[in-house]
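J.: Pasting a structure here, questions to come.
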């Protein structure tokens with residue numbers, strides 16, 4: 011595909027695999043608003059670059075493309091859109107020197123970045139939000155061989171239960187049913203931010219299978 015853009019390649023891979031936007035979000039765990047922004051070249055609606063790179067990696071795993079090549083293509087397009095190019099005639103040495111636009115842009119970007127990090131410090135670097143809505147108690151005794159774990163975290167965080175990654179919807183909610191072994195079962199729930207901070211909750215569930223009643227008959 012000559013002169014194809016990042017969006018063109020991404021849409022082609024999606025069409026080949028036959029995914030709808032909703033199904034692709036479910037398969038990758040990417041919030042739908044961010045996937046739509048990638049497909050619409052709406053960079054203003056996307057999170058910081060490290061998150062976008064992570065999303066491209068998840069898309070690569072599902073759609074079977076080279077994530078490094080797609081990431082380079084994405085960065086190249088962003089750099090082109092951000093910089094622009096202007097040809098200028100040589101100025102004379104007596105003219106008032108113009109302000110270096112690149113320096114101004116770099117300074118403004120630096121201020122915006124510092125402002126963003128400052129106002130979103132807790133979101134980026136703080137301890138992740140993690141709430142388990144069921145079960146609410148520990149050492150819960152159940153008589154069924156399965157249990158549903160439900161809770162809420164940030165939709166941008168990576169969530170695992172016993173090292174199994176779970177899908178988190180746009181509201182940050184998650185739900186997963188687990189099989190239980192007789193006796194004590196420990197479920198380790200971890201919510202991890204992209205930059206590494208994480209929060210862990212361990213839920214212990216005791217599965218007591220129903221006792222079998224032996225019926226004696228007199229012959």
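In our numbering, the protein residues as written are 11 to 229. We put the CB at the ideal spot given by N, CA and C, even for glycine.
#1: Return the chain-ordered list of same chain residues with a C-beta closer than 7 Å to the C-beta of residue 101, the five sequence neighbours on each side being excluded.
#2: Could you tell me the boundaries of the alpha helix (DSSP H) in which residue 46 lies?
#3: Counting only the same chain and skipping the five closest in sequence on each side, list residues whose C-beta sits under 7 Å from that of residue 3.
#4: State whether the region 196–203 contacts the region 162–179, with contact taken as three or more CB pairs (one from each stretch) at a distance under 8 Å.
#5: Taking the CB atoms as reference points, tell me whether residue 116 and residue 85 lie closer together than 9 Å.
#6: Spell out a yes or no on whether the region 207–216 and the region 178–185 are touching, meaning 3 or more CB-CB pairs, one atom from each, closer than 8 Å.
#7: In chain order, what residues of the same chain lie with their CB nearer than 6 Å to the CB of residue 83, ignoring the 5 residues before and after it?
#8: Apart from the five residues just before and just after residue 70, which ones in its own chain have a Cβ nearer than 8 Å to its Cβ?
#9: Quick one: what's got a C-beta closer than 6 Å to residue 27's C-beta in the same chain, skipping five residues either side?
#10: Rounded to a whole number of angstroms, what is the C-alpha to C-alpha distance between residue 220 and residue 147?
#11: Cα-Cα, which of 179, 162 and 192 is closest to residue 33?
#12: Which whole-angstrom value is the C-beta distance of residue 175 and residue 162, which I expect to be below 8 Å?
#13: Among residues of its own chain, excluding the 5 on either side of residue 177, which ones have a beta-carbon nearer than 8 Å to its beta-carbon?
#14: Once the 5 residues before and after residue 65 are set aside, which same chain residues still bring their CB inside 8 Å of it?
#15: Quick check on DSSP: helix, strand or coil for residue 113?
#16: To test your reading of the DSSP string, which unbroken beta strand (DSSP E) runs of 3 or more residues are found completely within the region 164–216?
#17: Which whole-angstrom value describes the C-beta separation of residue 145 and residue 213, a residue pair presumed to lie in contact below a C-beta threshold of 8 Å?
#18: As a quick exercise: from 18, 61 and 23, pick the residue whose alpha carbon is nearest that of residue 167.
T.: Well, looking at it:
#1: Stepping through the chain shown from its first residue, residue 101 is reached at position 91. Per-residue confidence for residue 101 stands at a pLDDT of 47, beneath the threshold of 50, marking its modelled position as unreliable; the derived number appears in the next sentence. Nothing meets the Cβ criterion.
#2: Your numbering for residue 46 matches position 36 in the chain shown. That run of the alpha helix (DSSP H) goes 42–49.
#3: This structure does not reach residue 3, given that the chain is present from 11 up to 229, and the question cannot be answered.
#4: Verdict: yes, contact present.
#5: Taking the first residue of the chain shown as 1, we reach residue 116 at position 106. Taking the first residue of the chain shown as 1, we reach residue 85 at position 75. Result no, Cβ atoms of residue 116 and residue 85 do not sit closer than 9 Å.
#6: Because the criterion of three Cβ pairs below 8 Å is not met, the region 207–216 and the region 178–185 do not touch.
#7: Position 73 of the chain shown holds residue 83. In chain order, 16 place their CB closer than 6 Å to the CB of residue 83, counting only its own chain and leaving out the 5 sequence neighbours on each side.
#8: Sequence index remark: in the chain shown, residue 70 carries index 60 (1-based). Answer for residue 70: 76, 77 and 80, listed in chain order.
#9: For this step, residue 27 is matched to residue 17 along the chain shown. For residue 27, where only same-chain residues beyond five positions count, the Cβ hits under 6 Å are 73.
#10: By 1-based counting over the chain shown, the position of residue 220 is 210. By 1-based counting over the chain shown, the position of residue 147 is 137. Residue 220 and residue 147: Cα-Cα distance of roughly 21 Å.
#11: Here residue 33 refers to the residue found at position 23 when the chain shown is read from its first residue. Selected option, being the one with the closest Cα: 179.
#12: Here residue 175 refers to the residue found at position 165 of the chain shown. Here residue 162 refers to the residue found at position 152 of the chain shown. Distance from residue 175 to residue 162 at the Cβ level is roughly 16 Å; contact not present, criterion being Cβ atoms closer than 8 Å.
#13: Residue mapping note: residue 177 aligns to position 167 of the chain shown, counting from 1. Answer for residue 177: 36, 39 and 184, listed in chain order.
#14: Residue mapping note: residue 65 aligns to position 55 of the chain shown, counting from 1. Once the five neighbours on either side are set aside, the close Cβ partners of residue 65 are 38, 40, 44, 45 and 48.
#15: Along the chain shown, one-based indexing puts residue 113 at 103. Three-state DSSP puts residue 113 in a helix.
#16: Whole beta strand (DSSP E) segments, 3+ residues: 168–171, 174–176, 183–189 and 193–202.
#17: Reading the chain shown from its first residue, position 135 is the one you call residue 145. Reading the chain shown from its first residue, position 203 is the one you call residue 213. Residue 145 to residue 213, Cβ: 6 Å. Contact.
#18: Start at 1 with the first residue of the chain shown, and residue 167 comes out as number 157. Distance from the Cα of residue 167 is smallest, within the candidate group 18, 61 and 23, for 61.
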